[in-house]
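For reference, each letter of the sequence shown is one residue, going 3 to 418 in my numbering.
Worksheet: one structure, shown below.
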Amino acid sequence: MDHWTVRGGRKLYGACRVQGSKNASLPILAASVLAGTETELTNVPRLKDIDAALRILRHLGCRAEQEGNDLYIDARGLVRSAVPHALMLEMRSSVIFMGALLARCGEARLSPPGGCQLGKRPIDLHLAALRQLGAEVTEREGEILCRASKLRGTTIRLPFPSVGATENAMLAATAAEGETVIEGAAREPEIRALQDFLNAMGCFVHGAGSGHIVITPRRARSSTEFRIQPDRIAASTLACAAAAAGGELTLLDTESAHFSTVLHFLKQAGCAIMTKQRCVTVRSSGRLRAVGPITTEPYPGFPTDAQPVLMAALLRAEGVTRIRETIFENRFRQVPELRKLGADIAMEGQSAVIRGVERLHGASLTATDLRGGAAMLVAGLAAEGETRVEDEGHIARGYESFDRVLSDLGADVRLN
Ligand code: EPZ
Numbered sequence: 003m004d005h006w007t008v009r010g011g012r013k014l015y016g017a018c019r020v021q022g023s024k025n026a027s028l029p030i031l032a033a034s035v036l037a038g039t040e041t042e043l044t045n046v047p048r049l050k051d052i053d054a055a056l057r058i059l060r061h062l063g064c065r066a067e068q069e070g071n072d073l074y075i076d077a078r079g080l081v082r083s084a085v086p087h088a089l090m091l092e093m094r095s096s097v098i099f100m101g102a103l104l105a106r107c108g109e110a111r112l113s114p115p116g117g118c119q120l121g122k123r124p125i126d127l128h129l130a131a132l133r134q135l136g137a138e139v140t141e142r143e144g145e146i147l148c149r150a151s152k153l154r155g156t157t158i159r160l161p162f163p164s165v166g167a168t169e170n171a172m173l174a175a176t177a178a179e180g181e182t183v184i185e186g187a188a189r190e191p192e193i194r195a196l197q198d199f200l201n202a203m204g205c206f207v208h209g210a211g212s213g214h215i216v217i218t219p220r221r222a223r224s225s226t227e228f229r230i231q232p233d234r235i236a237a238s239t240l241a242c243a244a245a246a247a248g249g250e251l252t253l254l255d256t257e258s259a260h261f262s263t264v265l266h267f268l269k270q271a272g273c274a275i276m277t278k279q280r281c282v283t284v285r286s287s288g289r290l291r292a293v294g295p296i297t298t299e300p301y302p303g304f305p306t307d308a309q310p311v312l313m314a315a316l317l318r319a320e321g322v323t324r325i326r327e328t329i330f331e332n333r334f335r336q337v338p339e340l341r342k343l344g345a346d347i348a349m350e351g352q353s354a355v356i357r358g359v360e361r362l363h364g365a366s367l368t369a370t371d372l373r374g375g376a377a378m379l380v381a382g383l384a385a386e387g388e389t390r391v392e393d394e395g396h397i398a399r400g401y402e403s404f405d406r407v408l409s410d411l412g413a414d415v416r417l418n
């Protein structure tokens, strides 16, 4: 159990480098098994979810080593096409190995994945996409078996732009005979990163970012080097932390276009936002105004992953902010915990209505999920007194050395 302690009331000042993207790294780690080749990645964050992916790779027979933020994978020794249940449960992205293993071995045996409990999170769109490529998929007693003697390129129309289903379809399509087109694909920057990685491997993929992706199979190169892009949700979280606590924070090595919707609302709330090349500076007095309404949407809309942390920043904002969650059924799990700090949040169906309060006070909270846990730390920075967050490891799944990052900026945050 991780015990976080935050003593609020300190402003954040200084500059910090934004970590590499978790959600770009994970599908790329799955993609590294597509062919019997070597992969060298840089800027990979050190996170529990990355460790889980490395354990899957090793179980499959690959060599997988991380040193600092550099990662090396040798997929030449892959000997298995099945991921055990215990490893599947460690994170949601384990499901992306399905498309990759199907492409490499013609078979993948897995079980439904774990990950944050944000709602039902079915994988029907993943399975439908693989079936359209010619895979035979059977689900029996908690096991999913995908088999294909030959995958055939086709047009896959996704009824919803699921990030994971798009990734699985892209990976499986690299081994199909002929061209595959994915219509209605997710447009998230992480999809673009996967496309760039596949192209660096020697595949021919284009269209990512547009919702219309075309994959033409090609023989992979023997080795691939690739740098992981900055994490837009870690950047959003730090920006919200500075907005809530007050101060002036410069995010280095970041891509402001990837989280412009978050910056838009912080600006509306009264923060000064300066962007220059790969840096973003957020200046805040700590007293914000209500914004919105905010609706979470697939990219390029406002990201569901930033909803809890922006909510945390707005708890003391003057006025009423309404946030509607449309991606996950259960992504307001942080709300009952934030109320313990004195926050005034009413739930109306899939919307949260936040009435800004004058002050928040420290309390003992329990992290409910990754971004919900981060939201509790952000709120704690703006609360008077001490906030404790008991966390069974959610926050470390997505934030690298978050205690040190915040402490270096002047926050009083401890992790035991
Ligand atoms: C990715 O999850 C991210 N995870 C999530 O980040 C993020 O919240 C989510 O995309 C939305 O942006 C990774 O990239 C590892 P989806 P994913 O498939 O792929 C429904 C974080 O905090 N759906 O786009 O699981 C689903 O139930 C995490 O870092 C189906 O109905 O998201 C959900 O309501 C959490 N059937 C919606 O689509 C399917 O087959 C979006 O899911 C697949 C999805």
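Think of the CB as a built atom: it goes at the ideal place given N, C-alpha and C, for glycine as much as any other residue.
Just so it is clear, the structure is predicted and the values come from calculations on it, not from any experiment.
Locate the alpha helix (DSSP H) running through residue i, then write down its first and last residues.
i      : result
Glu192 : Pro191 to Met203
Glu299 : No alpha helix (DSSP H) contains Glu299, which DSSP labels as neither H nor E.
Leu312 : Gln309 to Ala315
Pro338 : Val337 to Arg341
Shorter than 7 angstroms, the distance from the beta carbon of residue i to the closest heavy atom of the ligand ATP, or not?
i      : result
Gly121 : This structure lacks the ligand ATP; the ligands present are the ligand EPZ.
Opposite residue i in the DSSP bridges: which residues?
i      : result
Pro232 : Gly22
Tyr15  : Glu250
Met349 : Ala354
Asp393 : Asp4
Val407 : Val407 is not bridged to any residue.
Arg142 : Glu145
Thr328 : Answer is none; Thr328 lacks a bridge partner.
Thr323 : Ile356
Arg159 : Glu185
Quick one: give me the first and last residue of the beta strand (DSSP E) that residue i is part of.
i      : result
Phe206 : Phe206 to His208
Arg399 : Taken as a continuous stretch (DSSP letters only), Arg399 belongs to no beta strand (DSSP E), as it is neither H nor E.
Val8   : Asp4 to Arg9
Val415 : Asp414 to Leu417
Leu147 : Glu145 to Arg149
Glu40  : Glu40 to Thr44
Arg154 : Careful: Arg154 lies outside any beta strand (DSSP E) and carries neither H nor E.
Got a sec: is the Cβ-Cβ distance from residue i to anything in chain C below 8 angstroms?
i     : result
Asn45 : As a matter of chain content, chain C is missing from the structure shown, which is built from one protein chain.
- Cβ pair count under 8 angstroms reaching 3, the region 342-361 against the region 90-100: no
- Message: As an exercise, report each continuous beta strand (DSSP E) stretch of at least 3 residues that is fully enclosed by the region 352-386, in chain order.
- Response: 353-357 and 366-368
- Task: Check whether the region 207-226 touches the region 180-187, taking contact to mean three or more Cβ pairs, one atom from each stretch, closer than 8 angstroms.
- Result: yes
- Message: Would you call the region 32-47 in contact with the region 291-309, where contact means no fewer than 3 C-beta pairs closer than 8 angstroms?
- Response: no
- Message: Threshold first: 3 residues or longer. Then list the beta strand (DSSP E) segments lying entirely within the region 213-293, N to C.
- Response: 214-218, 225-229, 249-254, 274-278 and 281-286
- Message: My parser needs the beta strand (DSSP E) runs of 3 or more residues fully inside the region 63-125; what are they?
- Response: 65-69, 72-76 and 109-112
- Task: Only counting runs of 3 or more residues, tell me where the beta strand (DSSP E) segments fall wholly within the region 162-192, in order along the chain.
- Result: 182-185
- Query: Taking contact to mean at least 3 C-beta pairs separated by less than 8 angstroms, is the region 263-281 in contact with the region 47-65?
  - Reply: no
- Item | Any 3 or more C-beta pairs closer than 8 angstroms across the region 10-17 and the region 236-250 | yes
- Any 3 or more C-beta pairs closer than 8 angstroms across the region 273-290 and the region 194-210: no
- Count the C-beta pairs between the region 97-105 and the region 161-172 that are closer than 8 angstroms, then say yes if the count reaches three, no if not. yes
- Message: Does the region 216-225 come into contact with the region 358-366, if we say contact requires no fewer than three beta-carbon pairs (one atom in each stretch) closer than 8 angstroms?
- Response: no
- For the region 390-410 against the region 368-379, are there 3 or more C-beta pairs whose distance is under 8 angstroms? yes
- Query: Just checking, does the region 325-335 make contact with the region 104-117 on the three C-beta pairs under 8 angstroms criterion?
  - Reply: no
- Message: With three or more beta-carbon pairs closer than 8 angstroms as the criterion, would you say the region 119-136 touches the region 78-88?
- Response: no
- Could you tell me whether the region 375-384 touches the region 394-410, where touching means 3 or more Cβ pairs closer than 8 angstroms? yes
- Message: Assess contact between the region 20-38 and the region 74-83, defined as three or more Cβ pairs (one per stretch) separated by less than 8 angstroms. Is contact present?
- Response: yes
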